[in-house]
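Colleague:
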Amino acid sequence: MMTAFVARSFDRGATAFLIALAVIAVLVPALNLLVPPASPLHLPTYLVALFGKYICYAVLALSIDLIWGYCGILSLGHGAFFALGGYAMGMYLMRQIGTRGVYANPILPDFMVFLNWPELPVYWYGFQHFAYAGLMVVLVPGALAFVFGWFAFRSRVTGVYLSIITQALTFALKLGFFRNNFGFGGNNGLTDFKDILGFNVQAEGTRNALFAISVVALMLGFILCRAIVASKFGKVLIAIRDAEARARFLGYRVESYKLFVFTLSACMAGIAGALYVPQVGIINPSEFEPGNSIEAVIWVAVGGRGTLTGAVIGAILVNYAKTFFTSGTVVAYWIFGLATLIAFAGVLLYRRSILLGAAIGLAVAVAGWLLAGPLSHVAATLDSPGIAQLAANWPFLAAGAFAVAALATSWQPLPLGAIFGALLFAFFITPFEVLALAPYWLFALGGLFVAVTLLLPRGIVGTLRYWTAGRRDRTMSLAAASAAAEDGVTAAPRAAE
Amino acid sequence: MRKLYDRIGAFVLALAMLLAASAAHAGPYEDALVGFTQGSLSDTGDAIDAVVASGNPRAAEVLEALEDARLMYSAQEKKVYIKTKDDKLLDAATGQPVTTPPPDDMDTVVVNNRLRNTIDAAIGGLTLMARDPGRRYDAAQAVFKSHEVSVLPALDKAIAQETNTRVKRALQQARASVVLYSEDASAADKIAAIDVIRERGDQDSLGLLDGLPATATADVRTAAQAASLRIQKELAIWNTVQNAWYGLSLGSVLLLAAIGLAITFGVMGVINMAHGEMVMLGAYVTFVVQQLMRVYNPGLLDYSLVFAIPLAFLVSGSVGVLIERGIIRFLYGRPLETLLATWGLSLILQQAVRSAFGPTNREVSAPSWMSGAFEVGHITITYNRLWIICFALVVFVALIGLLRLTRLGLEMRAVTQNRAMAAAMGIATSRIDALTFGLGSGIAGLAGVALSQIDNVSPNLGQGYIIDSFMVVVFGGVGNLWGTLVGAFSLGIANKFLEPFAGAVLGKIAILVLIILFIQKRPRGLFALKGRAVEA
Chain A
7 MMTAFVARSF DRGATAFLIA LAVIAVLVPA LNLLVPPASP LHLPTYLVAL FGKYICYAVL
67 ALSIDLIWGY CGILSLGHGA FFALGGYAMG MYLMRQIGTR GVYANPILPD FMVFLNWPEL
127 PVYWYGFQHF AYAGLMVVLV PGALAFVFGW FAFRSRVTGV YLSIITQALT FALKLGFFRN
187 NFGFGGNNGL TDFKDILGFN VQAEGTRNAL FAISVVALML GFILCRAIVA SKFGKVLIAI
247 RDAEARARFL GYRVESYKLF VFTLSACMAG IAGALYVPQV GIINPSEFEP GNSIEAVIWV
307 AVGGRGTLTG AVIGAILVNY AKTFFTSGTV VAYWIFGLAT LIAFAGVLLY RRSILLGAAI
367 GLAVAVAGWL LAGPLSHVAA TLDSPGIAQL AANWPFLAAG AFAVAALATS WQPLPLGAIF
427 GALLFAFFIT PFEVLALAPY WLFALGGLFV AVTLLLPRGI VGTLRYWTAG RRDRTMSLAA
487 ASAAAEDGVT AAPRAAE
Chain B
23 MRKLYDRIGA FVLALAMLLA ASAAHAGPYE DALVGFTQGS LSDTGDAIDA VVASGNPRAA
83 EVLEALEDAR LMYSAQEKKV YIKTKDDKLL DAATGQPVTT PPPDDMDTVV VNNRLRNTID
143 AAIGGLTLMA RDPGRRYDAA QAVFKSHEVS VLPALDKAIA QETNTRVKRA LQQARASVVL
203 YSEDASAADK IAAIDVIRER GDQDSLGLLD GLPATATADV RTAAQAASLR IQKELAIWNT
263 VQNAWYGLSL GSVLLLAAIG LAITFGVMGV INMAHGEMVM LGAYVTFVVQ QLMRVYNPGL
323 LDYSLVFAIP LAFLVSGSVG VLIERGIIRF LYGRPLETLL ATWGLSLILQ QAVRSAFGPT
383 NREVSAPSWM SGAFEVGHIT ITYNRLWIIC FALVVFVALI GLLRLTRLGL EMRAVTQNRA
443 MAAAMGIATS RIDALTFGLG SGIAGLAGVA LSQIDNVSPN LGQGYIIDSF MVVVFGGVGN
503 LWGTLVGAFS LGIANKFLEP FAGAVLGKIA ILVLIILFIQ KRPRGLFALK GRAVEA
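Chains as they are written, first to last, in our numbering: chain A, 7 to 503; chain B, 23 to 558.
Okay, here's the thing in structure tokens:
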């Protein structure tokens, strides 16, 4: 029965996805360990750790997709479960340091010695055993989710209310973990780990093993989620997502379904956190930051909620973009290239009004540029280098304003053309230099939130599936029509949807 | 070159000696100083008395230096010097810095413990006579805490001379504390002193009464205990009053931050996670207005808030309208997506302000009519908190009035209650949506003006308030402004009453947990709207 339960969940896409993951699990360590460092194919160890981090985020995203995509529970506090799992693992790793700490205390971690704790608090007992810590990684987030969910779902707190309470939950935990007397290292958290199960956490081999284990955990999580989603239980979850009241009237105990899936999801998030900590080497209260949890939700939204593969892809894509933005540079030309692309598409669609818009945009950009002098004077009185910068980057600002206008007018061609016009002028005055991207990351992330919800509500994978499903439908209806024509029967007019 | 320096040096030396010579025989103070150069303890004691008697304003400085072993003398030149704390040498007679090299036989004036007591009493006595009533008051407070017996004569003299009633009372209290701790005062005097101390009734008096030495007689001790109990009781009441005041103050801040949210979330049902950033924009508008005034019209600086209030409303409000037109109107009926999109907006706004004004705190100064404080009983009330409470209430009343009495308010209520019917009656619903959202955001901007007075104006200003504001709205009940009012003040007061027991952070956590539990009990808040429309 179990095999049937699992086997039913493998369609073609899921199988391909799992195979791809398996290949990655083998390929990345192989490229790091077996290929000599001089070879261009060699993968540096820091990248293995980075990819491992992405995979842990993917597990977290998967757990969010399970409850949000399939049960409609938007948790803005899943980072709390992730961090709790991470802390459980961190406590094990702390205990493993033993006498190698700065104060060489065999029992107490360094921060406790530093804070004059007389003895180990009771809740730290047992964490020197890996098995116990591993159990806690699952149990602590699971228990919290169970208690929290039991209260919340029983009294039918749903939708936005639930989201806000989950956010308050992680906020409260953050405040607590920041305190030194909580016994979890306060502000600094737990760090300076030495080894895990006797292997040095810094060693190449350990890092690769952790990476491979993370991918395997992702695969197992994926299989579990697929199995749940494809089962009858999963169908009830989807029913609850789409019409909770109706599911309840049909006699399903909605609270129990929600509670089960919420707790399971929290356990998954805990495991993700536990795998994350040895790879990044630190866990501190900033992981509880509400912003982190919401960021994790956007990974799922980008990839496509209710698709599982999408959650994984979204997590990896967004985090890759984050790494790229926070450490990379880009030549300013890129922006111009993008604008040309937009303009080209626009001119194809609506010729005259977009050209008029471009003229307006150009005029505004030039006018603003001429005003930059007086504006920089104001900037000087305000002691605000930022305003001077804004004055200097006026054409980009104008383009942004036109973009807002375009958004407000449901993408009319006129403001679209104006964006192009402003960027065209920007091209002429922008010096040929590379742009550090780091200050723009939050703009990009914020823009991603807005753009995904407005323009791509299905996410990447969801949209792709929608397209292929639409094509399949069309092909099938064409086939049906031709078959009907052969039979000499006119197709019945389709009922309005 | 070298010669030139030498000449200048000689000239300065000559000038200094001339000055010193002319000052040396100018009065009793200068004569008294000579006593310090004799090197014997009894001469030094006489010199102390003489210096005090001279009534010279530098006397206190000399005595303090003497006590800290910073008073130097030179027997050959018959001169006294003060070594300042940063190791500069001053001429004790003139108070001018000494530019010549110090004399070879310079030595510290020696004092013993007996002299030290004399010095203490003298210093206390000197400042008790100071010309500035504030300093006299401070001196009386210091004596009250130290209850040094040797000051008693000076105290009596000061009380006799004192004309300022506030200072006089402080002096009498100081005297009572001295009497209570003196060994040769009679039991009756001590009991009278206890009465005076009980009248004062603050934490210091409590410490004084509880710390009574065991040598005191039994009736004095019982009187002290009774007084101490009464003070404790009074202080407990004042403590409650103070907590309530702090709670009101916090509640008014919460009210300001949450009331805009009560419009957008409570009335429109739109989750605006960028609400905190609207507050932040308001605070930055205040900063910009103030900075521009500082440069172009410093005379109006005190009234910059008056200009900042409408401007902040307009800026935040128009940003709100833009957000509604650009993003939110496409997301009506999809609350979870609205939440994500507005969160993204909040990131963009924060980063925009960060790149425009830098990540550090900007300073907004308080106008003179908002700084300062006054005391009511044992609590201090700062003017800025008082103004913010008034401001919050005014904004609340104005908002209620707007919704109740104006055409716009009527249309807003109509649209939020039944959109289709309102549209059928000819109300332009989408315009009303934009205006309602703009109103909520504009009020957030007003909150920003108020918060700029008590909080750091930084790009993260809004983040700290967003969760609290949501809690207030959820606790008070969605769609009901009175619920927001009650919610804000009860959360504020509960927070401040929990703080002494649990500490600020744990208090906050406790409040969050309590609200989570409360929502279990009443998912629609304190003042829930009743009716069939609520579930939708």
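For glycine and all other residues, C-beta sits at the position ideal for the given N, C-alpha and C.
Please compile the residues from chain A whose C-beta is within a distance smaller than 7 angstroms of the C-beta of I410(B).
Modeller: Near I410(B) there are no residues of chain A at all, since even the closest Cβ is about 24 angstroms away, more than 7 angstroms.
Colleague: Give, in chain order, every residue of the stretch 362 to 379 of chain B whose Cβ lies closer than 9 angstroms to some Cβ of chain A.
Modeller: The stretch 362 to 379 of chain B vs chain A, Cβ under 9 angstroms: L362, A363, T364, W365, G366, L367, S368, L369, I370, L371, Q372, Q373, A374, V375, R376, S377, A378 and F379.
Colleague: Checking the sheet assignment: what are the DSSP bridge partners for P357(B)?
Modeller: Its beta-bridge partners do not exist; DSSP assigns none.
Colleague: In this structure, how does DSSP classify V384(B) when only helix, strand and coil are distinguished?
Modeller: As written in the sequence, residue 384(B) is Arg, which differs from the Val given in the question. R384(B): strand per DSSP, three-state reduction.
Colleague: Nearest-angstrom Cα distance between V311(B) and A330(B)?
Modeller: One C-alpha to the other measures close to 6 angstroms.
Colleague: Within 10 angstroms of the Cβ of E521(B), are there 16 or more other Cβ atoms? Answer buried if so, exposed if not.
Modeller: Looking at its Cβ environment, which holds 16 or more other Cβ atoms inside 10 Å, E521(B) is buried.
Colleague: Looking at the structure shown, is S96(B) part of a helix, part of a strand, or coil, going by DSSP?
Modeller: Residue state, collapsed to three classes: strand.
Colleague: Cβ of G165(A) less than 7 angstroms from any chain B Cβ?
Modeller: Answer yes: the Cβ-Cβ gap between G165(A) and chain B drops below 7 angstroms somewhere.
Colleague: For the candidate residues G287(A), L368(A) and F117(A), whose alpha-carbon lies nearest to that of K59(A)?
Modeller: The residue with the shortest Cα to Cα distance from K59(A) is G287(A).
Colleague: Suppose you measure from the CA of G553(B) to the CA of E299(B); what does that come to, to the nearest Å?
Modeller: Unreliable placement is indicated for G553(B), whose pLDDT of 49 sits below 50; the coordinate value is still reported in the next sentence. Looking at the two C-alpha atoms, the distance is approximately 34 angstroms.
Colleague: What are the boundary residues of the beta strand (DSSP E) that L111(B) is part of?
Modeller: Note, L111(B): beta strand (DSSP E), L111 to D113.
Colleague: With contact counted as at least three CB pairs below 8 angstroms, one residue from each stretch, are the stretch 81 to 92 of chain A and the stretch 137 to 153 of chain A in contact?
Modeller: Yes, since at least three Cβ pairs between the stretch 81 to 92 of chain A and the stretch 137 to 153 of chain A fall closer than 8 angstroms, the two stretches touch.
Colleague: Distance, Cα to Cα, A114(B) vs T121(B)?
Modeller: Roughly 14 angstroms separates the two Cα atoms.
Colleague: So, at 6 angstroms on beta carbons, what are the nonlocal neighbours of D211(B) in its own chain, with the 5 sequence-adjacent residues on each side left out?
Modeller: The answer, listed in chain order, is V201.
Colleague: Counting only beta-carbon separations shorter than 7 angstroms, does A450(A) have a partner in chain B?
Modeller: With 7 angstroms as the cut-off, A450(A) does not count as an interface residue toward chain B.
Colleague: Using C-beta distances below 7 angstroms, list every residue in its chain close to A198(B), excluding the 5 sequence neighbours before and after it, in chain order.
Modeller: Counting only Cβ-Cβ distances below 7 angstroms, and skipping sequence neighbours, we find A215, V218 and I219.
Colleague: By Cβ distance, which residues of its chain are closer than 6 angstroms to A45(B), with the 5 residues on each side in sequence left out?
Modeller: Because A45(B) carries a pLDDT of 47, less than 50, the predicted location of this residue cannot be relied on, and the following value inherits that uncertainty. Once the five neighbours on either side are set aside, the close Cβ partners of A45(B) are A115 and T116.
Colleague: Could you confirm whether any beta carbon from chain B is found closer than 7 angstroms to the beta carbon of T176(A)?
Modeller: Judged by the 7 angstroms Cβ criterion, T176(A) is not in contact with chain B.
Colleague: From this set, M100(A), G107(A) and F177(A), which residue's C-alpha is nearest G189(A)'s C-alpha?
Modeller: Checked all of M100(A), G107(A) and F177(A); the closest Cα to G189(A) is M100(A).
Colleague: Given a cut-off of 7 angstroms on the beta-carbon distance, is the pair R160(A) and E250(A) in contact?
Modeller: Not in contact: R160(A) and E250(A) (Cβ atoms no closer than 7 angstroms).
Colleague: For A43(B) and Y95(B), what's the separation of their Cα atoms in angstroms?
Modeller: Because the pLDDT of A43(B) is 46, which lies under 50, any placement of that residue in the model is unreliable, and the question is left without a value.
Colleague: To the nearest angstrom, how far is it from the Cα of V29(A) to the Cα of M225(A)?
Modeller: V29(A) and M225(A): Cα-Cα distance of roughly 11 angstroms.
Colleague: Determine the direct distance from the alpha carbon of G132(A) to that of V119(A), and round the result to whole angstroms.
Modeller: Near 19 angstroms, if we compare the C-alpha coordinates of G132(A) and V119(A).
Colleague: Since L181(A) meets chain B, which of its residues come closer than 7 angstroms, beta carbon to beta carbon?
Modeller: In chain order: V527, K530 and I531.
Colleague: For a contact meaning CB atoms closer than 7 angstroms, what does V317(B) contact in chain A?
Modeller: What V317(B) touches in chain A: T387.
Colleague: Within the 7 angstroms Cβ cut-off, does G514(B) reach chain A?
Modeller: Chain A, which has no Cβ nearer than 7 angstroms to the Cβ of G514(B), makes this no.
Colleague: Please report the Cβ distance between T459(A) and L353(B), rounded to the nearest whole angstrom; I am assuming they are in contact, meaning their Cβ atoms lie under 8 angstroms.
Modeller: So it is a contact: roughly 7 angstroms between Cβ atoms.
Colleague: Any C-beta of chain A within less than 7 angstroms: which residues of the stretch 344 to 359 of chain B qualify?
Modeller: Cβ contacts with chain A come from L344, R347, G348, I349, F352, L353, P357, L358 and E359.
Colleague: Please report whether the beta-carbon of Q542(B) lies at a distance below 7 angstroms from any beta-carbon of chain A.
Modeller: Cβ-Cβ to chain A under 7 angstroms: yes for Q542(B).
Colleague: Kindly list the residues whose CB is nearer than 7 angstroms to the CB of G547(B), restricted to its own chain and excluding five residues on each side of it in sequence; keep chain order.
Modeller: Once the five neighbours on either side are set aside, the close Cβ partners of G547(B) are V496, F497, G498, G499, V500 and G505.
Colleague: Taking Cβ positions, are S250(B) and L231(B) nearer each other than 7 angstroms?
Modeller: Against a cut-off of 7 angstroms, the Cβ pair of L231(B) and S250(B) comes out as a contact.
Colleague: Give, in chain order, every residue of the stretch 302 to 313 of chain A whose Cβ lies closer than 9 angstroms to some Cβ of chain B.
Modeller: Correct list: V303, I304 and A307.
Colleague: Residues of the stretch 479 to 495 of chain B in Cβ contact with chain A at a cutoff of 8 angstroms, in chain order, please.
Modeller: Here the close residues are I489, F492 and M493.
Colleague: Interface residues of chain B around L454(A) at Cβ under 7 angstroms?
Modeller: Here the neighbours are G366.
Colleague: Confirm, please, whether the CB-CB distance from G309(A) to G297(A) is below 7 angstroms.
Modeller: No, the pair does not count as a contact, with Cβ atoms beyond the cut-off.
Colleague: Inspect the beta-carbon positions of L422(A) and A412(A) and report whether they are closer than 7 angstroms.
Modeller: Yes, the pair counts as a contact, with Cβ atoms nearer than the cut-off.
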